[in-house]
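Worksheet: the structure to be examined is printed underneath.
There are 2 protein chains.
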Amino acid sequence: MPRPLLFNAFEMPVPVHQSPGLWRHPEDESRNYASPAHWEREARTIEAAGFHGIFLADVLGLYDVYGASPDAALRGGVQVPQLDPLLLAPLLARATEHLAVGVTASVTYAAPYDLARRFATLDALTDGRIAWNVVTSYQESAALNLGLGTQLPHDERYDRADEYMDVVYALWEGSYEEDAYTADRDSGVVVDPAKVRGAGHHGTYFDVTAPSLTAPTRQRTPYLFQAGASPRGLAFAAKHAEAVFFSGPTPEHVARWTGRLREEAETAGRDPRSVKAFTNVAVVVAETGDAARERLAEYTRYVDVPAALALFGGWTGVDLSDADPDAPLEHVETDANRSALASFTTMDPDAAWTPRRVAEFVAIGGRGPVITGSPEEVADEVERWARVADVDGFNVNACVRPADFERFGRFVAPVLRERGLLEPARGTSDDDAVSSVRSAREVFGGAGPRLPRDHPGAAHRR
Amino acid sequence: MPRPLLFNAFEMPVPVHQSPGLWRHPEDESRNYASPAHWEREARTIEAAGFHGIFLADVLGLYDVYGASPDAALRGGVQVPQLDPLLLAPLLARATEHLAVGVTASVTYAAPYDLARRFATLDALTDGRIAWNVVTSYQESAALNLGLGTQLPHDERYDRADEYMDVVYALWEGSYEEDAYTADRDSGVVVDPAKVRGAGHHGTYFDVTAPSLTAPTRQRTPYLFQAGASPRGLAFAAKHAEAVFFSGPTPEHVARWTGRLREEAETAGRDPRSVKAFTNVAVVVAETGDAARERLAEYTRYVDVPAALALFGGWTGVDLSDADPDAPLEHVETDANRSALASFTTMDPDAAWTPRRVAEFVAIGGRGPVITGSPEEVADEVERWARVADVDGFNVNACVRPADFERFGRFVAPVLRERGLLEPARGTSDDDAVSSVRSAREVFGGAGPRLPRDHPGAAHRR
Chain L
1 MPRPLLFNAF
11 EMPVPVHQSP
21 GLWRHPEDES
31 RNYASPAHWE
41 REARTIEAAG
51 FHGIFLADVL
61 GLYDVYGASP
71 DAALRGGVQV
81 PQLDPLLLAP
91 LLARATEHLA
101 VGVTASVTYA
111 APYDLARRFA
121 TLDALTDGRI
131 AWNVVTSYQE
141 SAALNLGLGT
151 QLPHDERYDR
161 ADEYMDVVYA
171 LWEGSYEEDA
181 YTADRDSGVV
191 VDPAKVRGAG
201 HHGTYFDVTA
211 PSLTAPTRQR
221 TPYLFQAGAS
231 PRGLAFAAKH
241 AEAVFFSGPT
251 PEHVARWTGR
261 LREEAETAGR
271 DPRSVKAFTN
281 VAVVVAETGD
291 AARERLAEYT
301 RYVDVPAALA
311 LFGGWTGVDL
321 SDADPDAPLE
331 HVETDANRSA
341 LASFTTMDPD
351 AAWTPRRVAE
361 FVAIGGRGPV
371 ITGSPEEVAD
381 EVERWARVAD
391 VDGFNVNACV
401 RPADFERFGR
411 FVAPVLRERG
421 LLEPARGTSD
431 DDAVSSVRSA
441 REVFGGAGPR
451 LPRDHPGAAH
461 RR
Chain X
1 MPRPLLFNAF
11 EMPVPVHQSP
21 GLWRHPEDES
31 RNYASPAHWE
41 REARTIEAAG
51 FHGIFLADVL
61 GLYDVYGASP
71 DAALRGGVQV
81 PQLDPLLLAP
91 LLARATEHLA
101 VGVTASVTYA
111 APYDLARRFA
121 TLDALTDGRI
131 AWNVVTSYQE
141 SAALNLGLGT
151 QLPHDERYDR
161 ADEYMDVVYA
171 LWEGSYEEDA
181 YTADRDSGVV
191 VDPAKVRGAG
201 HHGTYFDVTA
211 PSLTAPTRQR
221 TPYLFQAGAS
231 PRGLAFAAKH
241 AEAVFFSGPT
251 PEHVARWTGR
261 LREEAETAGR
271 DPRSVKAFTN
281 VAVVVAETGD
291 AARERLAEYT
301 RYVDVPAALA
311 LFGGWTGVDL
321 SDADPDAPLE
331 HVETDANRSA
341 LASFTTMDPD
351 AAWTPRRVAE
361 FVAIGGRGPV
371 ITGSPEEVAD
381 EVERWARVAD
391 VDGFNVNACV
401 RPADFERFGR
411 FVAPVLRERG
421 LLEPARGTSD
431 DDAVSSVRSA
441 REVFGGAGPR
451 LPRDHPGAAH
461 RR
């Protein structure tokens with residue numbers, strides 16, 4: 001019997017998340033990205049489709065590598081205009097019954113004392129269904145406008161992030177004993193001060209002495225996601241993250257990363273299987289394989305090439321704005337951009353890479369595979385990916401939003417359920433008491449709503 | 001015919017906002033401060049009671065003057081534990097039809113580029129029903145834990161806040177032309193870059209060159225509240241605020257401030273009547289005056305003296321922890337605290353002030369009056385206050401939450417409506433099309449959802 005897999009809908013409150021041009025598809029609703037009712041409907045669609053969670057990406061800056069200007073990103077709506085994902089999260093949770101809600105937030109923009117309060121608030125307002133995608137890096141264009149000066153060197157950024165996590169663990173896990181907040185009318189005591197202690201943190205980057213501003217919430221520490229591939233990044237992820245994202249072109253490629261992740265987790269003293277590995281996929285599915293391939297061809301016709309190259313430029317630092325979109329890519333290679341291009345072109349070494357081909361690749365698959373076919377074909381490929389890559393789940397990209405999520409639920413989920421690869425559909429509040437709603441940590445396989453004992457955050461408990 | 005007045009419910013997501021001890025009253029529900037369903041119900045109660053808006057206070061630190069420790073504040077639940085009010089705002093708006101939602105946010109904790117995105121997101125998610133209470137100051141205890149070092153000198157803090165406002169206006173008002181965001185499928189253009197420009201701000205405190213990350217929302221700039229009483233604070237408020245809060249013990253006292261505010265607004269080139277003046281009141285009402293006074297006596301018995309003195313200590317810097325609660329206050333006066341105490345004791349110069357009397361005063365009325373009586377008596381006093389103080393509206397404090405808001409709606413609102421002092425009850429979505437829902441700016445008397453032409457933010461428009 002295979003173990004069930006985990007599925008997140010990967011989203012962003014923007015006109016274009018990862019598929020430039022596809023907003024023009026007649027079924028796409030991304031133009032409504034700023035409407036709360038749109039997001040409430042979409043969250044319900046995603047929940048009904050069988051996803052475990054919705055994950056919201058974030059970037060606090062504009063993509064301005066392509067043509068050394070944000071114009072292509074603006075014209076194509078590439079992750080701009082946008083909303084702050086944290087403010088959307090409570091609405092997504094209130095509109096659904098048991099969907100976990102993941103949000104991206106950088107350890108760079110807010111003081112840990114402030115961000116700790118925000119995530120405790122989110123944990124309260126979602127009744128423990130919140131997950132935090134911890135981001136350590138940021139764009140230079142964001143840093144500039146946020147008044148942050150130049151970035152720290154790569155490894156030092158992780159040192160600072162390590163200390164940041166220590167502070168927020170001290171606040172979430174160590175500050176209040178379990179029964180410190182009673183608000184007991186007979187005793188007249190709201191919080192017993194003897195059961196509260198200050199964070200008492202004096203470090204290299206932060207000094208936080210006060211206790212948490214928030215009482216313990218259902219999870220205390222939000223469920224922690226992270227993405228990291230460099231050696232230092234992987235060590236950080238293996239220490240702190242409960243689930244890790246990684247994109248790769250083949251399951252074998254991802255398997256090498258998964259192996260390193262599990263080794264690092266073991267080195268860090270954690271159960272290597274307790275760290276969930278997720279990889280990105282795009283799924284294009286229809287009743288038959290032919291219909292699915294036709295749909296993929298249709299999607300491809302909607303790709304906005306300059307906009308996709310603006311996204312590619314932001315990811316790689318390579319500006320393809322001067323290149324003939326249909327000329328072989330070798331002509332625009334320089335020493336500076338060769339390795340960046342290589343990270344893409346090696347995904348399909350036999351392809352005749354041109355800027356247009358890069359754009360189509362980015363816009364349909366992002367940095368992961370596109371699984372196209374009938375429901376059975378897609379389920380086969382999902383199963384193969386999970387087995388070979390040794391991942392626990394997938395972040396599913398939608399080219400057409402939210403239609404592709406709805407189609408995943410309609411076509412793929414039933415086949416996955418038949419095979420035991422997806423848990424049975426969960427009841428609604430009519431037949432499922434609220435108290436049985438799982439926290440995000442339990443949705444993703446945790447034994448309970450709190451950090452496991454072998455997690456470094458648990459060391460801050462009294 | 002009198003002009004209708006404006007009423008905000010003054011709230012905070014904490015066990016105790018301004019009335020330490022009153023959470024023990026059998027009708028009080030503040031212990032549920034961390035429950036989203038509690039706040040959705042309360043927002044609906046406040047809307048049904050006829051209030052124009054709900055206003056959420058905020059403070060990112062603990063009250064630790066009393067006994068040089070946060071223990072009394074923790075034990076009494078005085079504004080701790082808490083939630084981040086910004087994250088609560090979208091839920092309050094979604095749970096109601098037309099209630100304006102005001103939130104407090106400091107210009108100290110977030111970069112203007114970040115906070116501008118947050119308020120644009122809130123304006124989108126509330127469909128233009130958001131107001132921002134601009135706070136320039138902060139507690140030393142907050143600053144310490146947020147890594148902000150020592151505060152700027154008072155007047156320089158306002159210089160920095162002035163520049164901060166310039167940056168956010170440039171982003172909200174100047175960055176996108178009205179029709180820059182089209183997401184037009186035929187043209188394939190999401191945003192026309194020719195209709196977008198960078199903030200281009202190079203100042204003393206901030207450098208923000210990029211365009212806004214957000215497209216124009218219904219209000220663009222959120223409706224702006226502020227509190228300021230010092231000459232520099234009043235000049236800041238008169239320049240930027242569309243509504244200003246001020247607390248005072250008598251309407252005559254408040255009238256002097258209102259006069260100065262209107263003069264300053266005129267000096268700043270604005271219509272002095274376009275700046276709305278609000279003052280704080282607590283209302284204790286019942287069927288008869290005697291029943292109301294009995295209820296006030298009952299409330300007073302619930303006051304938590306040390307917790308109220310912890311709140312008082314936070315406001316004034318005066319630590320009364322060593323004083324006999326029933327000894328005359330003169331005995332604890334020192335040069336250092338005489339003027340701080342004076343700001344309270346002059347509110348009722350004939351009273352025999354003791355620490356207990358200060359605590360009761362704080363816990364029931366805060367820094368404003370307590371209007372107690374039958375519905376007609378309360379309406380009379382509200383009318384007198386509005387006339388003599390020349391205010392446009394009131395921030396109503398509830399001692400028992402949310403019962404006092406519900407009672408205001410049940411007892412006082414009908415009498416105010418009879419007298420033309422409160423606009424008629426607004427319909428629900430059944431008989432009132434969503435398109436007729438007013439923006440916060442219109443709720444508070446503006447001609448439309450956008451800043452008026454004579455507001456300095458409007459100068460950033462193209």
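In order, the protein sequence lines correspond to chains L and X.
With the UniProt record's numbering, the residue at position 59 of the first sequence is 59, and numbering never jumps.
With the UniProt record's numbering, the residue at position 413 of the second sequence is 413, and numbering never jumps.
We treat Cβ as the ideally placed atom computed from N, Cα and C, and that holds for glycine.
All figures in this text were calculated on a predicted structure; none of them were measured in a lab.
At a beta-carbon threshold of 9 angstroms, none of the residues of chain L lie near arginine 438 of chain X; the nearest stands roughly 17 angstroms away.
Straight-line spacing of the CA atoms in proline 424 of chain X and threonine 316 of chain X works out to 40 angstroms.
The beta carbons of glycine 228 of chain X and valine 65 of chain X sit no closer together than 9 angstroms. For the pair valine 396 of chain X and valine 254 of chain X, the Cα-to-Cα distance works out to about 16 angstroms. Valine 107 of chain L has a beta carbon lying at 9 angstroms or more from every beta carbon in chain X.
By the neighbour-count criterion, in which 16 or more other beta carbons inside 10 Å mark a residue as buried, serine 230 of chain L falls on the exposed side.
Interface with chain X (9 angstroms Cβ-Cβ cutoff): arginine 117 of chain L is included. For a Cβ distance threshold of 9 angstroms, residue set Leu144, Asn145 and Gly147 of chain L lies close to aspartate 207 of chain X, ordered along the chain.
With a threshold of 9 angstroms between beta carbons, glutamate 40 of chain L makes contact with chain X. It is roughly 26 angstroms from the alpha-carbon of arginine 160 of chain L to the alpha-carbon of threonine 279 of chain L.
Here glycine 188 of chain L carries a coil assignment [DSSP, helix/strand/coil]. Proximity of threonine 45 of chain X to chain L, defined by a Cβ-Cβ separation below 9 angstroms, is not satisfied. Counting only the Cα atoms, arginine 75 of chain L lies some 10 angstroms from serine 187 of chain X.
In this structure, glutamine 219 of chain X keeps its C-beta atom at 9 angstroms or more from the C-beta atom of alanine 447 of chain X. Interface with chain X (9 angstroms Cβ-Cβ cutoff): alanine 100 of chain L is excluded. With its beta carbon less than 9 angstroms from one in chain X, leucine 83 of chain L belongs to the interface. Counting C-beta atoms within 10 angstroms of its own C-beta, proline 153 of chain X has fewer than 16 neighbours from the protein chains shown and is therefore classed as exposed. In this structure, tyrosine 169 of chain L and serine 212 of chain L do not form a Cβ contact; the two beta carbons are roughly 11 angstroms apart against a cut-off of 8 angstroms. Contact between alanine 100 of chain L and leucine 122 of chain L does not hold, since their C-beta atoms are separated by about 12 angstroms, which reaches or exceeds 8 angstroms.
Using a Cβ-Cβ cut-off of 7 angstroms, glycine 76 of chain L is close to Val190 of chain X, given in chain order. Membership of valine 443 of chain L in the alpha helix (DSSP H) is indicated by the continuous run 440 to 443.
By the rule that beta-carbons nearer than 9 angstroms mark a contact, valine 196 of chain X touches chain L. Of the candidates L:Pro26, L:Val107, L:Val80 and L:Thr96, the residue whose Cα lies closest to the Cα of isoleucine 54 of chain L is L:Thr96.
Under the 9 angstroms criterion on CB atoms, leucine 152 of chain X is classed as non-interfacial with respect to chain L. In the structure shown, phenylalanine 206 of chain L adopts coil according to DSSP, grouped into three states.
A distance below 6 angstroms between beta-carbons, with the five flanking residues on each side excluded, links glycine 67 of chain X to the following residues of its chain, in chain order: Ser321. Under a 10 Å Cβ-count criterion, arginine 94 of chain L is classified as buried, with 16 or more other Cβ atoms of the shown protein chains found around its own Cβ.
When only Cα atoms are considered, serine 30 of chain X and proline 402 of chain X end up about 8 angstroms apart. With respect to chain L, the C-beta atom of tyrosine 158 of chain X has no partner C-beta closer than 9 angstroms. Valine 65 of chain L sits in coil when the DSSP states are folded into three classes, being neither helix nor strand. Taken in chain order, the unbroken stretches of alpha helix (DSSP H) that lie wholly in the stretch 123 to 205 of chain L and span 4 residues or more are 140 to 145 and 154 to 169. Using a Cβ-Cβ cut-off of 7 angstroms, tyrosine 113 of chain L is close to Asn145 and Leu146 of chain X, given in chain order.
For aspartate 71 of chain X, the nearest beta carbon of chain L is closer than 9 angstroms to its own beta carbon. Here alanine 180 of chain X has Val191, Asp192, Lys195 and Val196 as same chain residues with Cβ atoms under 6 angstroms from its own Cβ, once five neighbours each way along the sequence are excluded. For alanine 105 of chain X, the beta-bridge partners assigned by DSSP are X:Val134. Put simply, the backbone Cα of proline 251 of chain X is about 30 angstroms away from that of alanine 327 of chain X.
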